[in-house]
Structures are given as structure tokens and as C-alpha cells.
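Notes to accompany the following structure.
Protein chains in written order, with this note's numbering: chain A, 4 to 398; chain B, 3 to 294.
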């Protein structure tokens, strides 16, 4: 026992001495963060980058941090964070406020040709570009079974619900989620913006917002409607009880497998308010690649970020992982247009709003409103519930 | 014969006893179903052949071992074998260190009388009232300044360094061993150290086993410290953090059944250790609790 203890102690000390190996000054050291499922693909892109820039010696590491967690992981320890990392564009404001991102100053010559204005705006704060756009597919749209619905049916939410209810089937949407439920308000002219004091400003409780709220109430109470999370959607599609549902590209593979030839998707439908039909809006999310402001090699890091998001690599992302390109040329290729889910997303993008101006305070109150609606809790009027929601969002 | 027949007669007392027995067992049955249901579900999911995260039926339609096989063969995306080994290494080392530290501390507090004894016990009690993850970020920065972040050594240190704070039960156990045994050995010329290793230890199997078990489990179930310390270093993840990667929005539909298989596999080393040491375990808890 004693021997073991002393061996252990020696081991521990040895380990602590071995750390901090010296680095060669001539080598460019960079670290890249990407999602776990992208690691292989990223490694390939980095190899090509090294080959294309053989004049320097590179030491590029890969770390696993997915886009949704990037800002959180970055802020935990900016110094240890990657030099080049991908993140979802709703984190842009947090990262810029924390001084975490280098302004993009290189490789932007033809940006106005290869990116839509909305895309560039999604990567900018107050007109300054902070990241390279990578994908433009973080949104949602309507999947439907084309054996059950015609292309005309899916233009109107009420038609869909009635037809589904008549056949004992369901139309799915996750209303207890701020991300999805916003589509009703945004479609009816609601806005989320940031006030002078840096707090969220939300007008979802004005007359238009109440109209949208009443519509949500009517839809959630409909016999042909079902709510829940992704697993409810997929299980329902697999057993045939769900014939249409609002979701995003990450479920495309499972849904297309389940429906086979009947797999179809389109923009979100119109819904009915007291003052007429309204096209549902949505959030459009982008994924961006930014450069850590604490990097020791900003020029090289920016070149690498630009390389990871160039047209060829956006095509690679689409081919290997079915991620929707942000680059206009890549997005307009025939292969991308033939992708059912991405085509539907592109249709919906005309009605989509960037998620950049949505702060963290929005999500929980919006979810609470959705939970009340799907729980059919009508103890307060819609106006009162929306007033509560907006008051909490603007806190 | 007659008497036996009389005994089987239906009396109010027998009826009452039977009713209470049925009620009691019924209650226990319900409780055990509630408790076993999630585990049974998890195990069934791990053998499910159909893909997807959620099915509306309880029993899988097709049974398969593929989830387990894929967990060990398709390692390019989720390197489960590597995570499993990481966790096993951390668990074994931190278990050894924790056990030794805890036993030494409890022995000192139980047998030795020194000035700072009471104050130290008080300090430990108060420190123990704060949740461990409160100091998480501080610990990370300290480890980083020493250059130990993102290493398994760091995890072993984190899990075992605060271990002696859990000395209470072991101390309670040592308090029940008569002091005269120590004194007899001391008179015969043994040192305090020898008394501990050669006399007290062999008598304290239950409590040693209890300490080993509790400290072995910690690394298998901890999530929060691993995620702070390992950050992006995927190859050093432990199973808890690694398996969680399977549950992201992009992966859950495809990997949920593998996740279940992984969760079942985690239970195996813990269960084996438990079965092996079970007979001591019960003794350990009750013996220590008597005077703890």
C-alpha cells in the first residue's frame, strides 16, 4: 500500500513536469473549433489549406465545440479558445460585446457578389463585419407527406388542420418553443429589436400580436394539431400519425426515410387572423466562422477562416453533410436546389428575420406562453398573457 | 387433523393480517415497478433495431446487438472505447487515492488527540456545506496555470483532492473498534503507522469497501467538472460527457439507441464491483452509521 502511494505521487509529479512543452517560434499554431460530426471534413479542408499555403509551416489543431455552444465555451476562457471557430449568428452580439472577435479585414473583396445582403448583415454589428458566413440553414419550414396533402393544401394552415383532423391524422409544430412560436408574431408584423439601453424590445402584445396569439390559441386547440419536441415528430411520422410538421434540415434524413417518395417540404403556410390571412414568418439562422481576438496569428487565422468558408468548401459541406451554403453561387447550384429541405428553406427565407437581435431574455417567457397555449390554460385572456410575456422579455 | 383444520379457519385476525400483507406487498410492487420501469426501458431501447429517438411502443419490434457493436466499431465520430478507458483510468486512480486519504483522515480524527483536531473537523464540516462546483472555474484556472488542464491527471486530482472531507462514516466505524486493541499493539512496540496498516485495516474491510465503491462511482457519473476541465479536447472526454454529445439536435435521431447501449455499458463495471463487494457493503454502512 505504501509503495503504491509513493509510486502514485511520483507519477503525479512527473506528469505535472512534462506539461508546457516548448513551441517552435517559426511554426504558425492555430486551433479550430468545429462540431463533432464535422471533424473529419474539417481535417480534410485544413490539409488542403496547408497544401495551398506551403510557404509557411503550420500546426493546426482541431477541437470539438459545436456551433451552438461556441460562445459559451469561448467566454469561459477566451485565451484557451480556438483561434478560428464556428458559431451560430445569434451569439454574434455576445461575442462582439465581450470583445471576442477580430473585425474581418481580409479576403472580403467580392463579398457583396457572393453573399446576400441579409447574410452579410447577419455577420455584422453596426455595419462592421465580424465573421465569415458559412451556412445559411439554421431555420425551419413545413415538411409534408405528398400522398396526403396536395401542394395547394399546404398553403393554408387551416386547410391542413381540417384535412388532417378529418382523417384522424395530425399536423405537428412545437409551439412551446420561442424559436418556433415567433413565426406567428413575426408573420403578423411583430418585431424584436434592441433598445438604446441594450435591452430587448418586443411588440408582440400590440393589436397585431394579440391577433397572432388568438390564432395560436385556435390552432393549438384544433383536433388536427399536435405539439411536442423532435422525438414526437419523428415517432409520429414513422408510425404514420403525423402527416406534416414544422422542423428544420437536421431532421431531413429521418423524415425522408420514413416517407420515401411522398417526402416533400415547402415554406410555412398562411394562418387566419381576425383581419385576414397572414403568411407565417420565421427566424433565419446562419452559422459563421470568426477569428478569436486573442489569437497570436490574426492574419493567418483570417486566411484560414476565409478558406474554411470559401465557395468550394461550402459545396463540400453541402455534399458531405447536407448543410445549406451561405454563398450565393454555391446555393444556386443545381444540386442544392434539388435538395427538398434546402429548397423549402430558401422559399421560407423571403419571410425570415435574422436572429441577431434576439437576446437571451426572449426565450423563456416565449416558451411559457407556448406552454400555456398547448396546455389550453385560458385562465387569462390572450392579451393579458402576452402582456406578461412582453413585460418579462423586456426586463 | 382436526386441529389443523381449525387453524385454517377464517378468523378476523387472519383476514386482517392477510389484508395488510396484500396492501403492503401491493404498495411495494407499485414502487418497484416505478423504480424499475426506466431501467427496463433503457435496456430495451439499447437493443432496439428501429432508428429514432422515441417510439410510441414499449417493447422494440426488432431486437439487435448492432447498437453495442457499432458503439465499439464506428469510432470515427464517437470514440466510445477511448472514453470508456479514460473513465476507467480516472476511476481507478481516484478511487485508490480517495480511499487511502479518507481512511487516513478518519483514523487520525478517530484515534489521535491533537490541538487542532476539533477546529479542523469544524472547518471541514463548514467547507463541506458548500457545493463543490462553486469553485469549478477557480479550479480550472489553477489547473491551467500549472499546465494540467485538459488532462486525465487533472480529473484524478479534482475527484480525489476533496475526498478526505467525506471522512464521517469511516471515522464512525473506527470509533467502534476498541481503543484497547491499539494500546495493546503500542505496548508491544508497534508504531501508530503499523497499528493502522496491520491491525485496524484488516478489521475494517466493510468500511474500506464502502469507501472504494463510493469513490469509484463518482467519475462515471460526473458531468460538470469534466466539461469544464476538458473543454474541446474530445479524446480526453469521459463517458458521461462523450455520450452527451450523441444527444445534440443533429445526432439524436441517429444515435439515441447507441446512447442507450453506452449507458447500459457504464453500469457494468460499477455493477461488477458492487456484486463482488456487496456482502461487505451492507456491513460497512450500518457499522459506520451506529456511532457516526
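Beta carbons: idealized from backbone N, C-alpha and C, even for Gly.
Cross-strand partners of residue 145 of chain A (DSSP beta bridge): According to DSSP, which records beta bridges pairwise, residue 145 of chain A is partnered with A/249, A/269.
Positions along the segment 63 to 76 of chain A whose CB lies within less than 8 Å of some CB in chain B: Correct list: 66, 67, 68, 69, 71, 76.
Residue from B/152, B/110, B/68, B/97 whose Cα sits closest to the Cα of residue 163 of chain B: Of the candidates B/152, B/110, B/68, B/97, the one whose C-alpha sits nearest the C-alpha of residue 163 of chain B is B/97.
Chain A contact for residue 51 of chain B (CB, 7 Å cutoff): No - not a single Cβ of chain A is within 7 Å of the one on residue 51 of chain B.
Residues of its chain near residue 295 of chain B, where Cβ-Cβ distance is below 6 Å and the 5 sequence neighbours each way are ignored: Nothing can be reported for residue 295 of chain B, as the shown portion of chain B is limited to 3 through 294.
Continuous alpha helix (DSSP H) assignments of at least 4 residues falling wholly in the segment 287 to 323 of chain A: Entirely contained in the segment 287 to 323 of chain A, the alpha helix (DSSP H) runs reaching 4 residues are, in chain order, 301 to 311.
Cβ pair residue 360 of chain A, residue 196 of chain A closer than 7 Å: Cβ distance < 7 Å, so residue 360 of chain A and residue 196 of chain A count as in contact.
Nearest-angstrom Cα separation, counted from residue 372 of chain A out to residue 234 of chain A: Straight-line Cα distance between these residues: approximately 21 Å.
Residue-chain proximity (residue 236 of chain B, chain A), Cβ-Cβ < 7 Å: Yes - at least one Cβ of chain A is within 7 Å of the one on residue 236 of chain B.
Whole-angstrom distance between residue 191 of chain A and residue 25 of chain A, CA atom to CA atom: Only weak support exists for where residue 25 of chain A lies, its pLDDT of 45 falling under 50; the value from the coordinates is given anyway. Each residue's Cα considered, the two are about 60 Å apart.
Start-end ranges of the beta strand (DSSP E) lying completely within the segment 48 to 108 of chain A, minimum 3 residues: With a minimum length of 3 residues, the continuous beta strand (DSSP E) runs that stay inside the segment 48 to 108 of chain A are 61 to 67, 87 to 91.
Nonlocal neighbours in the same chain, by C-beta distance under 8 Å from residue 192 of chain B, ignoring five residues either side: These residues qualify, in order along the chain: 200, 201.
Proximity to residue 222 of chain A [Cα-Cα], best of A/194, A/164, A/206, A/122: Ranking the options by Cα distance to residue 222 of chain A, first place goes to A/164.
Whole-angstrom C-beta distance between residue 175 of chain A and residue 284 of chain A, which should lie under 8 Å: Contact check for residue 284 of chain A and residue 175 of chain A: beta-carbon distance about 19 Å, past the 8 Å limit, so the pair fails to qualify.
Chain B residues whose Cβ lies nearer than 8 Å to that of residue 395 of chain A: Those do not exist, as residue 395 of chain A stays about 26 Å from chain B at its closest Cβ, beyond 8 Å.
Same chain, Cβ closer than 6 Å to residue 151 of chain A, neighbours up to 5 away in sequence not counted: Excluding sequence neighbours, residue 151 of chain A sits near 246.
Straight-line Cα distance separating residue 70 of chain B from residue 87 of chain B: For residue 87 of chain B and residue 70 of chain B, the distance between alpha carbons rounds to 16 Å.
Neighbouring residues, chain C, relative to residue 347 of chain A (Cβ below 9 Å): Protein chains A and B are contained in the structure displayed, whereas chain C is not.
For residue 205 of chain A, the residue or residues it bridges with in DSSP: For residue 205 of chain A, the pairing in a beta bridge is given by DSSP as A/195.
Under the three-state DSSP convention, the category residue 128 of chain A falls into: In this structure, residue 128 of chain A counts as strand in the three-state DSSP scheme.
CB contact flag (residue 187 of chain A, residue 219 of chain A, <7 Å): Against a cut-off of 7 Å, the Cβ pair of residue 219 of chain A and residue 187 of chain A comes out as a contact.
Proximity of residue 169 of chain B and residue 220 of chain B at Cβ, strictly below 7 Å: In this structure, residue 169 of chain B sits away from residue 220 of chain B, with a CB-CB distance that is not shorter than 7 Å.
Neighbouring residues, chain B, relative to residue 237 of chain A (Cβ below 8 Å): Chain B residues near residue 237 of chain A: 54, 55, 56, 255.
Best match in A/376, A/310, A/169 for proximity to residue 227 of chain A [C-alpha to C-alpha]: Among A/376, A/310, A/169, the Cα nearest to that of residue 227 of chain A is on A/169.
Buried or exposed by the 16-neighbour rule on C-beta atoms within 10 Å, applied to residue 244 of chain B: Result: buried.
Contact the segment 64 to 82 of chain A vs the segment 222 to 240 of chain B: 3+ CB pairs below 8 Å: Yes, the segment 64 to 82 of chain A touches the segment 222 to 240 of chain B.
Selection of the segment 15 to 45 of chain B by Cβ proximity to chain A, strictly under 7 Å: Within the segment 15 to 45 of chain B, no residue places its CB atom closer than 7 Å to a CB of chain A.
Within-7 Å CB hit, residue 94 of chain A to chain B: Residue 94 of chain A does not count as touching chain B.
Nearest-angstrom beta carbon gap, residue 46 of chain A and residue 65 of chain A [assumed within contact, 8 Å]: Contact between residue 65 of chain A and residue 46 of chain A holds: their C-beta atoms lie close to 6 Å from each other, under 8 Å.
C-alpha distance - residue 123 of chain A paired with residue 342 of chain A, whole-angstrom precision: Each residue's Cα considered, the two are about 24 Å apart.
Run of the alpha helix (DSSP H) containing residue 244 of chain B, from where it starts to where it stops: It spans 241 to 246 - the alpha helix (DSSP H) in which residue 244 of chain B sits, taken as one unbroken run.
Residue from A/366, A/138, A/327, A/347 with nearest C-alpha to residue 145 of chain A: The residue with the shortest Cα to Cα distance from residue 145 of chain A is A/347.
Contact check, residue 376 of chain A vs residue 178 of chain A, beta carbons under 7 Å: Closer than 7 Å, so yes.
Residues in the segment 28 to 49 of chain A having any Cβ partner in chain B nearer than 9 Å: Within the segment 28 to 49 of chain A, the residues whose Cβ lies closer than 9 Å to some Cβ of chain B are 34, 36, 38, 39, 40, 42, 43, listed in chain order.
Chain B contact residues for residue 115 of chain A, given Cβ-Cβ distances below 9 Å: For the C-beta of residue 115 of chain A, not a single chain B residue is nearer than 9 Å; the gap to the nearest is close to 31 Å.
DSSP beta-bridge partners of residue 32 of chain A: Answer is A/62.
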